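Undergrad: Take the sequence shown: its position 17, counted from the start at 1, is 700 in our numbering, and no numbers get skipped.
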Amino acid sequence: MMFEEENTGTILTEDGKLVITQAYCHNGHDLISNDVKISGFPSIKLLVTGNDNKKQDIHISAVDGDHAKQGGRGFKENQLLTISCPVCEEELDNIAPCDCIKGSKFVAIYLNKKRSFTSCLGICNSWGCYRSFMNSAWRIISRLADKSARQN
Ligand SMILES: [Zn+2]
Ligand SMILES: [Zn+2]
């Protein structure tokens, strides 16, 4: 059995994988889906809207670095999507721009109900972009600092 650290929202498996076990929208709705397992673990369920304004549920892997997902039929590579909570249907919080294509951004999946960027997963809203990161405040700050440094 794996050991779950208290309140971190993640577990470390015996083979060294970081797995998210708690995921919430900014309103505190639970995004973990026990019904759909991806790569052996409960997945993260999201509501995604494409250009045609059709909403569909997708499930992404809760394993850090794992790009496996289910759903998203009809989406094109690099298409910008609106990523929302499947419960309240509100768009997830915008954290920072992503570098992959113009207009892309990271949105926040919180690892606890506190709506704190110090404990969240950022995922890019561009379909097929595999950038995501586990956040701590300093990582976002250094990311933004990188950006402004480049513009000078
Ligand atoms: Zn919600
Ligand atoms: Zn991206």
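Yeah, the Cβ is synthetic: ideal placement off N, Cα and C, and Gly gets one too. Since we're looking at a predicted model, the values are computed, not measured.
When burial is assigned at 16 or more other CB atoms within 10 Å of the CB, is GLY723 buried or exposed?
TA: exposed
Undergrad: Under 9 Å between the Cβ atoms of LEU714 and LEU729?
TA: If you check the CB distance, LEU714 and LEU729 come in under 9 Å.
Undergrad: Put ALA820 into one of helix, strand or coil per three-state DSSP.
TA: Because ALA820 sits at a pLDDT of 47, beneath the cut-off of 50, its placement in the model cannot be relied upon, and the point is left open.
Undergrad: For the beta strand (DSSP E) containing THR732, name the first residue and the last one.
TA: Its beta strand (DSSP E) spans residues 724 to 732.
Undergrad: Which whole-angstrom value is the C-beta distance of PRO725 and ALA745, which I expect to be below 8 Å?
TA: 6 Å
Undergrad: Heavy atom of ligand 2 less than 8 Å from the Cβ of ILE741, yes or no?
TA: no
Undergrad: Going by alpha carbons, who is nearest to ALA706 out of ASP782, HIS742, TRP810, ASP735?
TA: HIS742
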